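**Student:**
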Amino acid sequence: MTKALVEMKNISHRFGAAEVLADVSLAIAPGSYTVLLGPSGSGKTTLLSILGGFLVPSQGKVFILGQDCTMLPPAGRPTVTVFQDYALFPHMSVGGNVGFGLRMRGVARGERERRAREVLDVVGLPEAYGKRPHQLSGGQRQRVALARALVVEPAVLLLDEPLGALDLKLRRQMQEELKAIQQRVGTAFIHVTHDQEEAMALADHCVVINRGRIEDEGPPERVYARPATRFTATFMGESTLLPNAGKGTLAIRPEHLRLSREPGTMRLGEARVTAVIFQGGFKRIVAESMDGQLFIAKVPAETNIALGDKVTPSCRAEDLIHLER
Amino acid sequence: MRGPMKLLSAVYAAAIYLFIFLPVIVLVVFSLQSTAFPIPPFTGPSLRWYEAVLGDTRLTSALMNSLLVAALSSFLAAALGFLAAWGFARFVLPGSAILRGLITLPLTVSYLIIGMGLLVLFNWAGLPKSLMAAGIGHVVINLPLCFAIIYSQMGDHQINIERAARDLGAREWQVLLMVTLPIMWPAIFASLFLSMTFSWDEFVISFLLTRFDTTLPVEIWNLLRSGLNPKTNAVGSLVFGVSVLLAIAFELVLLRRKPS
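Taken in sequence, the protein lines are chains A and B. Heads up, the first sequence is in my numbering, so the first residue is 1 and it goes up one at a time. Heads up, the second sequence is in my numbering, so the first residue is 326 and it goes up one at a time.
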């Protein structure tokens with residue numbers, strides 16, 4: 001077993017009467033890109049705050065690099081947090097922002113400037129050193145926040161919905177850059193988001209959180225192909241859910257659901273199309289059977305299908321996912 | 326709006342402003358009188374009464390006293406107001422709302438009551454009547470004001486900025502000095518200028534709490550007891566001028582929109 005960089009053991013947390021985290025245990029490998037994925041209110045941000053030292057959990061322990069950090073303040077641990085609103089110092093230049101952590105560590109001015117410029121280079125903003133945060137675009141501020149955190153060489157970088165404030169196109173572009181930067185510096189990133197596409201695009205290790213519990217965790221390919229729970233099957237991508245005669249639920253991913261009988265597939269019933277949504281590369285079809293069973297399918301964009309069409313949903317037996325809970 | 330209505334509202338507006346500013350206009354105009362009485366007809370303009378004011382060592386030393394009291398008391402009020410605002414905005418305190426109410430309460434109490442209270446207290450404590458006593462009085466009246474202004478500007482959006490500084494290794498005093506204070510500068514400056522304006526104009530508390538060395542408003546009152554003359558107008562105009570400068574500074578600082 002490789003030594004875990006971060007280990008969270010049996011973490012529970014309550015805000016007053018509300019239980020936000022219930023017995024969460026999580027291990028994070030060095031150099032990995034972990035994404036905590038969950039809807040708002042699931043407890044993912046609370047978990048990140050506990051890791052960063054902004055909250056002390058009601059129960060449980062946090063070990064980083066083998067050391068018990070549960071009670072340590074943020075500055076005392078080898079983590080740095082990148083906040084959703086970037087939290088740049090508005091009265092300092094970009095260079096001042098990036099050099100701040102080094103200044104607090106007593107690094108001399110010349111050395112500070114050299115390293116700040118180096119990190120700005122890594123995040124792709126070499127020309128921003130003398131600028132003020134308000135002169136930068138949202139994406140650029142995001143990079144400055146990243147540089148400010150990376151310059152102190154944390155063992156773990158914590159990112160709280162880092163792309164939440166950016167528009168879609170910029171978000172996708174920043175995703176690629178985040179991944180590239182993470183691979184270049186080799187620091188472990190822990191990234192909180194509610195965007196499942198973002199999770200799949202970035203994660204080496206994806207942790208699905210709902211109502212204060214870990215629903216599923218693993219490589220995103222596995223979590224998508226073989227989700228462990230109903231929640232995961234519907235939150236990380238969509239699924240058609242079918243009752244399985246008293247033994248939990250069966251899930252089928254939309255790309256595996258056919259709308260007509262084909263050789264080697266099993267028939268799942270009859271249904272009428274209730275929605276056809278054109279999504280560029282494909283069409284998303286929702287169909288409903290007489291008894292109210294919903295089917296979600298993804299078909300090629302050129303498929304000729306209209307509202308009210310009668311379809312016979314079917315799939316291959318190996319594409320059925322058995323969900324215990 | 327139709328023509329007559331427009332005219333009527335313009336006249337109305339002019340009347341209102343005249344009502345507000347006429348006393349000051351009269352004061353300033355007759356400070357420029359060249360003869361010995363500040364009554365019509367206007368005989369100036371002449372600066373002889375301003376010369377007389379600046380040649381009067383009692384008035385000039387009172388002016389210096391006023392400036393000193395205004396500067397020191399507002400500096401102290403702004404500093405204490407900033408710290409109080411920071412405490413209330415950033416920490417969960419028991420009975421926070423009540424305590425916040427209490428700290429701003431002096432805003433609603435008349436200066437006379439505050440002055441009398443301080444007079445009794447200082448008497449009991451053995452602190453003699455002095456500029457320092459008046460300065461302390463000015464801190465009492467201006468602290469709630471500074472607190473209210475600074476607290477209103479200390480939003481939640483700065484919490485993460487302070488957290489980020491702490492996360493990067495800043496100690497609490499470094500967060501306060503290197504992050505919170507610079508971000509709050511506009512509100513702190515604004516409260517400082519407003520406090521100076523109020524301290525500069527303040528009469529009742531200074532009157533009750535000073536004896537030999539006194540502030541300009543008290544010295545003007547002494548002057549007025551021997552009757553009106555253009556010299557009182559001149560010194561009044563000077564006081565007014567300084568107030569206007571401070572008020573403009575306040576507006577400029579507070580109303581200047583920060584680029585976000």
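For each residue, glycine too, the CB sits at the ideal point set by N, CA and C. Quick caveat: nothing in here was measured; it's all calculated off a predicted structure.
1) Got a sec: is the Cβ-Cβ distance from Ile341/B to anything in chain A below 8 Å?
2) Please check the pair Arg373/B and Ser359/B, which I expect to be a contact at CB under 8 Å, by giving their CB distance rounded to whole angstroms.
3) Mapping DSSP to helix, strand and coil, what is Gln183/A?
4) Which residue's Cα is closest to the Cα of Ile209/A: Glu221/A, Thr193/A, Ala201/A?
5) Glu167/A bridges to which residues according to DSSP?
6) Which residues in the same chain as Ile475/B place their Cβ atom closer than 7 Å to its Cβ, once the five residues preceding and following it in sequence are excluded?
7) Going by C-alpha to C-alpha distance, which of Ser399/B, Tyr337/B, Thr368/B sits closest to Asp526/B?
8) State the start and end residues of the unbroken beta strand (DSSP E) segment that holds Val24/A.
9) Against chain A, which members of the region 472-497 of chain B pass a CB distance test of less than 9 Å?
10) Below 7 Å CB to CB, which residues in the same chain sit around Ile277/A once its five sequence neighbours on both sides are set aside?
11) Which value, in whole angstroms, describes the spacing of the CA atoms of Ser42/A and Pro220/A?
12) According to the Cβ coordinates, are Val334/A and Ala128/A closer than 8 Å?
13) Hey, would you say Ala29/A sits closer than 8 Å to Leu48/A, going by beta carbons?
14) How long is the line joining the alpha carbons of Val144/A and Leu120/A, rounded to whole angstroms?
15) Kindly provide the ranges of any alpha helix (DSSP H) runs that are 4 or more residues long and lie completely inside the region 112-180 of chain A, ordered along the chain.
16) Might you give, ordered along the chain, the residues of its own chain that have their beta carbon closer than 6 Å to the beta carbon of Asn558/B, omitting 5 neighbours on each side?
17) DSSP three-state label for Glu7/A, please.
18) Taking the alpha carbon of Glu505/B as the reference point, which residue from Gly380/B, Ile486/B, Leu347/B has its own alpha carbon closest?
19) What distance in whole Å lies between the Cβ atoms of Glu302/A and Ser289/A, which are believed to be in contact at a cut-off of 8 Å?
20) Locate the beta strand (DSSP E) running through His337/A, then write down its first and last residues.
21) For Thr557/B, report the span of its alpha helix (DSSP H) as first-last.
22) Measuring only between beta-carbons, confirm whether Thr193/A sits less than 8 Å from chain B.
23) What residue range is occupied by the uninterrupted alpha helix (DSSP H) comprising Ile345/B?
24) Any idea if Arg488/B is buried or exposed, counting beta-carbon neighbours within 10 angstroms, 16 or more meaning buried?
25) Could you check how far apart the C-beta atoms of Gly440/B and Gly462/B are, in whole angstroms? I think they sit under 8 Å.
26) Excluding five sequence neighbours on each side, which residues of the same chain lie with their C-beta closer than 8 Å to the C-beta of Leu366/A?
27) Would you mind stating whether Val24/A and Ile11/A have Cβ atoms separated by less than 8 Å?
28) For chain A, find out if any of its Cβ atoms is closer than 8 Å to the Cβ of Val578/B; answer yes or no.
29) Below 9 Å on C-beta distance, what does Pro419/B contact in chain E?
30) With a 10 Å radius around its C-beta and 16 neighbouring C-beta atoms as the bar for buried, classify Ser585/B as buried or exposed.
31) I need the straight-line Cα distance from Pro90/A to Arg141/A, nearest angstrom please.
32) Using a Cβ-Cβ cut-off of 8 Å, state whether Phe54/A counts as contacting chain B.
33) Does the beta-carbon distance from Phe63/A to Glu7/A come in below 8 Å?
34) Establish whether the CB of Pro365/B and some CB of chain A are separated by less than 8 Å.
**Tutor:** On the basis of the data shown:
1) With 8 Å as the cut-off, Ile341/B does not count as an interface residue toward chain A.
2) Right, the Cβ-Cβ distance comes to about 6 Å (below 8 Å), so this counts as a contact.
3) Three-state result, Gln183/A: helix.
4) Comparing alpha-carbon positions, the option among Glu221/A, Thr193/A, Ala201/A lying closest to Ile209/A turns out to be Thr193/A.
5) Contrary to the premise, residue 167/A reads as Asp rather than Glu in this sequence. For Asp167/A, DSSP records no beta bridge to any residue.
6) For Ile475/B, where only same-chain residues beyond five positions count, the Cβ hits under 7 Å are Gly406, Phe407, Ala410, Met509, Ala512, Ile513, Ser516.
7) When only C-alpha atoms are compared, the closest one is Ser399/B.
8) 18-28 is the span of the beta strand (DSSP E), which, as asked, contains Val24/A.
9) Residues of the region 472-497 of chain B that bring their beta carbon within less than 9 Å of a beta carbon in chain A comprise His482, Gln483, Ile484, Asn485, Ile486, Glu487, Arg488, Ala489, Ala490, Arg491, Asp492, Leu493, Gly494, Ala495, Arg496, in sequence order.
10) Lys283, Arg284, listed in sequence order.
11) Roughly 19 Å separates the two Cα atoms.
12) Coverage of chain A is limited to positions 1 through 325, which leaves residue 334/A absent and any answer about it impossible.
13) It is not a contact, given that the beta carbons lie outside the stated cut-off.
14) Answer to the nearest angstrom: the Cα atoms are 7 Å apart.
15) Taken in chain order, the whole alpha helix (DSSP H) runs of length 4 or more contained in the region 112-180 of chain A are 138-150.
16) The residues Leu352, Phe355, Ser356, Pro363, in chain order, have a CB closer than 6 Å to that of Asn558/B in the same chain once the five nearest residues on each side in sequence are set aside.
17) Strand.
18) For the sequence presented, residue 505/B should be read as Thr rather than Glu. Of the candidates Gly380/B, Ile486/B, Leu347/B, Ile486/B places its Cα closest to the Cα of Thr505/B.
19) That pair is no contact at about 26 Å.
20) No answer is possible for residue 337/A: the residues shown for chain A start at 1 and end at 325.
21) Boundaries of the alpha helix (DSSP H) harbouring Thr557/B: 555-580, taken from the DSSP string.
22) Not closer than 8 Å to any Cβ of chain B, the Cβ of Thr193/A fails to qualify, so no.
23) In this chain, the alpha helix (DSSP H) harbouring Ile345/B covers 328-356.
24) It counts as buried.
25) Correct: roughly 6 Å between the Cβ atoms.
26) Nothing about residue 366/A can be reported from this structure: the residues present for chain A run from 1 to 325 only.
27) Contact: yes.
28) Cβ-Cβ to chain A under 8 Å: no for Val578/B.
29) As a matter of chain content, chain E is missing from the structure shown, whose protein chains are A and B.
30) Caution is warranted here: a pLDDT of 39 is assigned to Ser585/B, below 50, making its placement in the model unreliable, and the coordinate value is therefore given only provisionally. Flag for Ser585/B reads exposed.
31) The alpha-carbon atoms of Pro90/A and Arg141/A are separated by roughly 11 Å.
32) Yes, contact with chain B.
33) Yes. Within cutoff.
34) Chain A, which has no Cβ nearer than 8 Å to the Cβ of Pro365/B, makes this no.
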